[in-house]
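Comments concern the structure below.
There are 2 protein chains.
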Amino acid sequence: MTISVPATSANLGPGFDTLGLSLNLRNRVHIHPSSFFSVSIRGEGADNPRLKGNNLFINIFNDHYRYLTGKKGIFRFRFINKIPLSRGLGSSSAVIVSAIASAYAAAGVNVSKRKLLNLALHYEHHPDNITPAVMGGFNTAVVENRRVYSQKKRIPGYLKAVVVIPDKPISTAHSRTTLPKSYRKEEAIYNVGHASLLTACFFNESWEMLRIAARDRFHQAIRMKMLPELFEVQRLAVEHGALMSTLSGSGSTFFNMVYREDAAKLHRAFEKRFPSFRALILDFDNDGVIFS
Amino acid sequence: MTISVPATSANLGPGFDTLGLSLNLRNRVHIHPSSFFSVSIRGEGADNPRLKGNNLFINIFNDHYRYLTGKKGIFRFRFINKIPLSRGLGSSSAVIVSAIASAYAAAGVNVSKRKLLNLALHYEHHPDNITPAVMGGFNTAVVENRRVYSQKKRIPGYLKAVVVIPDKPISTAHSRTTLPKSYRKEEAIYNVGHASLLTACFFNESWEMLRIAARDRFHQAIRMKMLPELFEVQRLAVEHGALMSTLSGSGSTFFNMVYREDAAKLHRAFEKRFPSFRALILDFDNDGVIFS
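Chains as they are written, first to last, in my numbering: chain V, 1 to 292; chain Z, 293 to 584.
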């Protein structure tokens, strides 16, 4: 059996810890019953056999498989990883979601996406990556009483993401410590308004107004200062018609949304200006986790 | 000619200064060219001939009419007011919007709703009442560079508002001074998430989830403490199946949204428990300002 989970861009603009969307760049894991335990990795993380992500996967998988079946199964796991590690593209959430989904699939137990999402919340307390990883599309999500409450909007195929992946990470832990402990009322209201408008723009497919709605006063500029090239990334994106150009998660990846016909030109501009960064043109994903 | 403008409930739940919706409770003004200036008022405010609201109307009307025509017109104004004054139902915004709309109508100059909204912003700096007053429906709105950027969702006819209008106001000015100057990051993120989710619930018509999404940590409880009966109003509403039960504007009115079939029962419960308050069952409005 195969489980595949998409990359995600969260913390979208003003939507700190709440807005996220799903990108068609997937990690796959193939699971086969076996007489001995084995793990193979291709793609991202293949060069690091003691990779934390795979330990995390195996631990979560074992917990759930044992809970569901009462025994410890023996499996062969083949990982094909496309989501870059520690770049703000939801690689940890993908590991968590795929591990739980794999345990249910291996145990032959059906699980709803809503339940899967609430199980993932035990391992990742912010809902903005795990929600689109499970559901696909654009999502708003909050946590109340240890449950995720979320709403989804499908993203049309005439839009593309052009993501810029720098050659170094911004540490999430370090990044959080640099953020203020409180916000002035005006700043708080600014983000409340803009995050709500951003949400409404997605639902109404009013893409042009995202250029206003995606503005943030909580975290983005503070984090971008740790990798100042990102200001130039954003400037280039805006110049090339980006509808939205924001930090992905807590970085270091920059997420840019464009009309399909503008994608190639923006991609070339990024490759020319930042030859050491990776730039990818991606479709949006509307499926989330897939069992097959 | 006649201009009519709906009442509005703004500051909706977590959507401080940004989320608002329109109620089918309308102030109308009939304007006729005349050989002498005269004003008559029926309904709300009729017992106060020096009412500030009408001075405000006449001043705004005159400013715009003079700007549009180069002269001071002479008109007879008949006001038929249904929006209660100083109760958080957008009576000031209705005056502002109707005055500007009346000036354009009297001058014979067409004006788009978007332009009307930006003109109204000169007189009312928060967008959450003027936007639904102009546009109708549920709206998210922000202000950037002295312009309102907003998105609208029509509200279906199977939903009703049951508003409870206390016999006394909460002063907006006083009410604002009791609010904190800043919010802890957790509270700020809470409202960003919930306001975004509330917006998505309206667009997805996921009414049941509003019970979670409409929770607020910025202003509601602080303001309700100035009129503690409102906690009992909210409790009654929730008991009777309200989908959403929040302060309207900065109060003192409480806004409750219910399925059509639950409206009468909730209305009776309010009338029985709070005989000195007014309780109204209202349709939502999706038209905003109407020129006729």
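The C-beta atom is built at its ideal place from N, Cα and C for all residues, glycine as well.
Short CB-CB distance (under 8 Å) between residue i and chain V
| i | result |
| --- | --- |
| arginine 476(Z) | yes |
| phenylalanine 495(Z) | yes |
| alanine 302(Z) | no |
| leucine 311(Z) | yes |
| lysine 473(Z) | yes |
Residue-chain proximity (residue i, chain Z), Cβ-Cβ < 8 Å
| i | result |
| --- | --- |
| proline 14(V) | yes |
| alanine 200(V) | yes |
Three-way DSSP call (helix, strand, coil) for residue i in this model
| i | result |
| --- | --- |
| histidine 32(V) | strand |
| glutamate 478(Z) | helix |
| glutamate 524(Z) | helix |
| aspartate 283(V) | strand |
| leucine 377(Z) | coil |
| serine 293(Z) | Correcting the residue identity first, residue 293(Z) is methionine in this sequence and not serine. Here methionine 293(Z) sits in coil by DSSP. |
| arginine 215(V) | coil |
| tyrosine 441(Z) | strand |
| glutamate 208(V) | helix |
| glycine 335(Z) | strand |
| methionine 427(Z) | helix |
| arginine 26(V) | strand |
| tyrosine 450(Z) | coil |
| methionine 257(V) | strand |
| phenylalanine 367(Z) | strand |
| glutamate 436(Z) | strand |
| phenylalanine 308(Z) | coil |
| threonine 361(Z) | helix |
| isoleucine 170(V) | coil |
| proline 567(Z) | coil |
| alanine 534(Z) | coil |
| tyrosine 8(V) | The sequence as given places threonine at residue 8(V); tyrosine does not occur at that position. Note: threonine 8(V) maps to strand in three-state DSSP. |
| phenylalanine 494(Z) | helix |
| phenylalanine 270(V) | helix |
| leucine 197(V) | helix |
Neighbouring residues, chain V, relative to residue i (Cβ below 8 Å)
| i | result |
| --- | --- |
| methionine 283(Z) | The structure shown does not extend to residue 283(Z), since chain Z is modelled only from 293 to 584, so the question has no answer here. |
| asparagine 483(Z) | Ala188 and Val192 |
| serine 498(Z) | Gln151 |
Through-space distance from residue j to residue i, alpha-carbon basis
| i | j | result |
| --- | --- | --- |
| lysine 168(V) | phenylalanine 255(V) | 16 Å |
| lysine 405(Z) | valine 484(Z) | 28 Å |
| aspartate 63(V) | glutamate 187(V) | 42 Å |
| methionine 549(Z) | alanine 453(Z) | 5 Å |
| tyrosine 396(Z) | arginine 515(Z) | 37 Å |
| alanine 99(V) | lysine 72(V) | 15 Å |
| leucine 528(Z) | alanine 299(Z) | 23 Å |
| asparagine 11(V) | valine 238(V) | 19 Å |
| alanine 221(V) | serine 252(V) | 12 Å |
| glutamate 124(V) | isoleucine 58(V) | 16 Å |
| glycine 449(Z) | serine 394(Z) | 29 Å |
| valine 387(Z) | serine 276(V) | 59 Å |
| serine 330(Z) | leucine 539(Z) | 37 Å |
| glutamate 497(Z) | glutamine 151(V) | 10 Å |
| histidine 219(V) | glycine 249(V) | 10 Å |
| threonine 491(Z) | leucine 198(V) | 10 Å |
| arginine 507(Z) | leucine 56(V) | 34 Å |
| leucine 85(V) | leucine 68(V) | 30 Å |
| phenylalanine 202(V) | alanine 120(V) | 25 Å |
| histidine 32(V) | arginine 87(V) | 30 Å |
Under 9 Å from the C-beta of residue i: neighbouring residues of chain Z
| i | result |
| --- | --- |
| proline 132(V) | Going along chain Z, no residue has its Cβ under 9 Å from proline 132(V), so there is no contact; the nearest lies around 13 Å. |
Residue i: contacting residues in chain Z (beta-carbon distance under 8 Å)
| i | result |
| --- | --- |
| alanine 213(V) | Val434 and Tyr441 |
Within chain V, the residues that residue i reaches when beta carbons sit closer than 7 Å
| i | result |
| --- | --- |
| glutamate 487(Z) | First, the amino acid is wrong: residue 487(Z) is alanine here, not glutamate. Neighbours of alanine 487(Z) on chain V, chain order: Val192, Ala195 and Ser196. |
- Message: Assess contact between the region 136-151 of chain V and the region 427-440 of chain Z, defined as three or more Cβ pairs (one per stretch) separated by less than 8 Å. Is contact present?
- Response: The region 136-151 of chain V, when compared against the region 427-440 of chain Z, does not touch it at the 8 Å Cβ threshold.
- Message: Whether or not the region 270-283 of chain V and the region 24-35 of chain V are in contact is what I'm after, with contact meaning three or more pairs of Cβ atoms, one per stretch, closer than 8 Å; do they touch?
- Response: Verdict: yes, contact present.
- Are the region 239-246 of chain V and the region 262-271 of chain V touching by the rule of at least three beta carbon pairs closer than 8 Å? Yes: the two stretches touch, three or more of their Cβ pairs being nearer than 8 Å.
- Message: Count Cβ pairs between the region 323-343 of chain Z and the region 369-377 of chain Z that sit closer than 8 Å; are there 3 or more?
- Response: Yes: at least three Cβ pairs fall under 8 Å.
- Query: If we count Cβ pairs, one from each stretch, closer than 8 Å, do we get three or more for the region 378-385 of chain Z versus the region 410-427 of chain Z?
  - Reply: Output reads yes: the region 410-427 of chain Z touches the region 378-385 of chain Z.
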